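Peer 1:
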Amino acid sequence: MEEFDDERLALRLSPPVPKARPPPLPPPQPTPAMPMPGPVPPQHYQLLLPPQQQLVQPRPILMLPTGNNMHEDEDEIPQVPQHPRIPQRARRLPGHGQIKEEEVLEAPFAWATNKHAGIHSMDHLLANGIDTIYGEVQCKKCNHVSQIGFDLQRKFAEIGNYIKVNQEWMHDRAPEYWMNPELPACSNCKEPNSMKPVIPNNKHEINWLFLFLGQMLGCCTLDQLKYFCKHTQNHRTGAKDRVLYLTYLSLCKQLDHV
Numbered sequence: 034m035e036e037f038d039d040e041r042l043a044l045r046l047s048p049p050v051p052k053a054r055p056p057p058l059p060p061p062q063p064t065p066a067m068p069m070p071g072p073v074p075p076q077h078y079q080l081l082l083p084p085q086q087q088l089v090q091p092r093p094i095l096m097l098p099t100g101n102n103m104h105e106d107e108d109e110i111p112q113v114p115q116h117p118r119i120p121q122r123a124r125r126l127p128g129h130g131q132i133k134e135e136e137v138l139e140a141p142f143a144w145a146t147n148k149h150a151g152i153h154s155m156d157h158l159l160a161n162g163i164d165t166i167y168g169e170v171q172c173k174k175c176n177h178v179s180q181i182g183f184d185l186q187r188k189f190a191e192i193g194n195y196i197k198v199n200q201e202w203m204h205d206r207a208p209e210y211w212m213n214p215e216l217p218a219c220s221n222c223k224e225p226n227s228m229k230p231v232i233p234n235n236k237h238e239i240n241w242l243f244l245f246l247g248q249m250l251g252c253c254t255l256d257q258l259k260y261f262c263k264h265t266q267n268h269r270t271g272a273k274d275r276v277l278y279l280t281y282l283s284l285c286k287q288l289d290h291v
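Okay, so the sequence shown: first residue is 34 according to the working numbering, each after it adds one.
(1) Could you tell me which residues DSSP puts in a beta bridge with Phe189?
(2) Is it right to say Leu258 is buried, meaning 16 or more other beta carbons lie within 10 angstroms of its own, or is it exposed?
(3) Under the rule that 16 or more other beta-carbon atoms within 10 Å means buried, what is Cys175, buried or exposed?
(4) Beta strand (DSSP E) containing Met228: first to last residue?
(5) Tell me the rounded alpha-carbon separation between Gln186 and Glu136.
(6) At the level of alpha carbons, what is the spacing between Leu244 and Pro230?
(7) Please go through the same chain and pick out, in chain order, the residues whose beta-carbon is closer than 6 Å to the beta-carbon of Asp108, but skip the five residues on each side of it.
(8) Quick one: measure Cβ to Cβ for Trp241 and Leu288, integer angstroms, because I've assumed they're closer than 8 Å.
(9) Just the C-alpha distance for His335 and Trp144, rounded to the nearest angstrom, thanks.
(10) Could you compute how far the alpha carbon of Ala160 sits from the alpha carbon of Leu250?
(11) Applying the criterion that 16 or more other CB atoms from any shown protein chain within 10 Å of the CB defines a buried residue, is Thr254 buried or exposed?
(12) Are the region 221-228 and the region 187-204 touching, with three or more C-beta to C-beta distances below 8 Å?
(13) Can you give the Cα-Cα distance for Ala140 and His237, rounded to whole angstroms?
(14) Run through DSSP, which three-state label would Asp274 get?
(15) Taking the alpha helix (DSSP H) that Asp256 belongs to, which residues open and close that run?
(16) Which residues in the same chain have their Cβ closer than 6 Å to the Cβ of Gly247, if we skip the five residues on either side of it in sequence?
(17) At 3 residues or longer, what runs of the beta strand (DSSP E) sit wholly inside the region 199-255?
(18) Measuring only the C-alpha atoms, how far is Gly130 from Asp274?
(19) Spatial neighbours of Gln180 within its chain, please: CB distance less than 6 Å, with the 5 preceding and 5 following residues excluded, ordered by chain position.
(20) Kindly list the residues whose CB is nearer than 8 Å to the CB of Gly193, restricted to its own chain and excluding five residues on each side of it in sequence; keep chain order.
(21) Starting from the Cα of His2, find the closest Cα among Ile239, His149 and Gly162 and give me that residue.
(22) If you run the structure through DSSP and keep just helix, strand and coil, what is Ile196?
(23) Here's a check: name, in chain order, each residue in its chain whose Cβ is nearer than 6 Å to the Cβ of Leu158, leaving out the five neighbours to either side.
(24) Using the Cα positions of Cys219 and Glu209, report the straight-line distance between them to the nearest angstrom.
(25) So, Cys172 versus Asn213, is the Cβ gap smaller than 8 Å?
Here it is as structure tokens:
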């Protein structure tokens, strides 16, 4: 037992035997440099289409020498005539009855202007001493013709106040008593509601201010009212009550721009 212990002690005291190291690895070999790729030459591909889809180049039209170019250089490149441009249709300006150049006319009345369906303003008329507007009426029963007048300021105030109060429920339509106005009684035969205003066939000679103050514009035909709206830049389409309503408003604005 003691011998065994001495052997173990001798083994512990003896220096350790170094282990053999593996041989070193050889140094890495340098990788050969790869040559840089040169520019790739462009490759051209030809697109083959079916015969139906291939474009056919138009043959140039040769210009035959005529007249003065008969003896010109024969090597001149022939010119292909260009297709003429199709003129475009002129666009129509918005709005109905627009007039490019207003025609100057002879004023048929002292309160009318030299324009179609035009009247002077209230200030202009009063400044020139015009405060009563006259017009001709004719009895439907006895054909008696007479002249009556309307007070300019009083009648205009009456119509203006009516429009101001009732414009909301009018809905851009003339009321019934504008469409079928009540006419004055005849001074000759005393027939009530019989003196109809005399309206000439020539629309330029219509006494618009007289009909307005007497609230007799409803006696005009639809064609006559459309004439007025055409020359005052108003819509002239629709029923008569609408065109008549616009006629009253336009005359109010001509008298008083406010």
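Virtual Cβ for every residue (Gly too), placed ideally from N, Cα, C. The structure displayed is predicted, hence computed values, not measured ones.
Peer 2: Taking the structure as given:
(1) DSSP, once it has assigned bridges, lists no residue as partnering Phe189.
(2) buried
(3) exposed
(4) Taken as a continuous stretch (DSSP letters only), the beta strand (DSSP E) holding Met228 covers Met228 to Pro230.
(5) 30 Å
(6) 8 Å
(7) Since pLDDT at Asp108 reaches only 49, below the 50 mark, its modelled position is unreliable, and the value read off the structure follows with that caveat. Listed in chain order, the non-local C-beta contacts of Asp108 below 6 Å within the same chain number zero, local neighbours out to five positions each way being set aside.
(8) Here Trp241 is actually not in contact with Leu288; their C-beta atoms are around 11 Å apart, not less than 8 Å.
(9) With the chain represented from 34 up to 291, any question about residue 335 goes unanswered, as that position is not in the structure.
(10) 26 Å
(11) Under a 10 Å Cβ-count criterion, Thr254 is classified as exposed, with fewer than 16 other Cβ atoms of the shown protein chains found around its own Cβ.
(12) no
(13) 9 Å
(14) helix
(15) Leu255 to His264
(16) Phe183
(17) 228-230
(18) Caution is warranted here: a pLDDT of 46 is assigned to Gly130, below 50, making its placement in the model unreliable, and the coordinate value is therefore given only provisionally. Put simply, the backbone Cα of Gly130 is about 19 Å away from that of Asp274.
(19) Tyr167 and Glu169
(20) Correct list, in chain order: Cys285 and Asp289.
(21) Absent from the structure is residue 2, since the part of the chain shown begins at 34 and ends at 291.
(22) helix
(23) Trp144
(24) Taking the straight line from one Cα to the other gives about 23 Å.
(25) No Cβ-Cβ contact shorter than 8 Å links Cys172 with Asn213.
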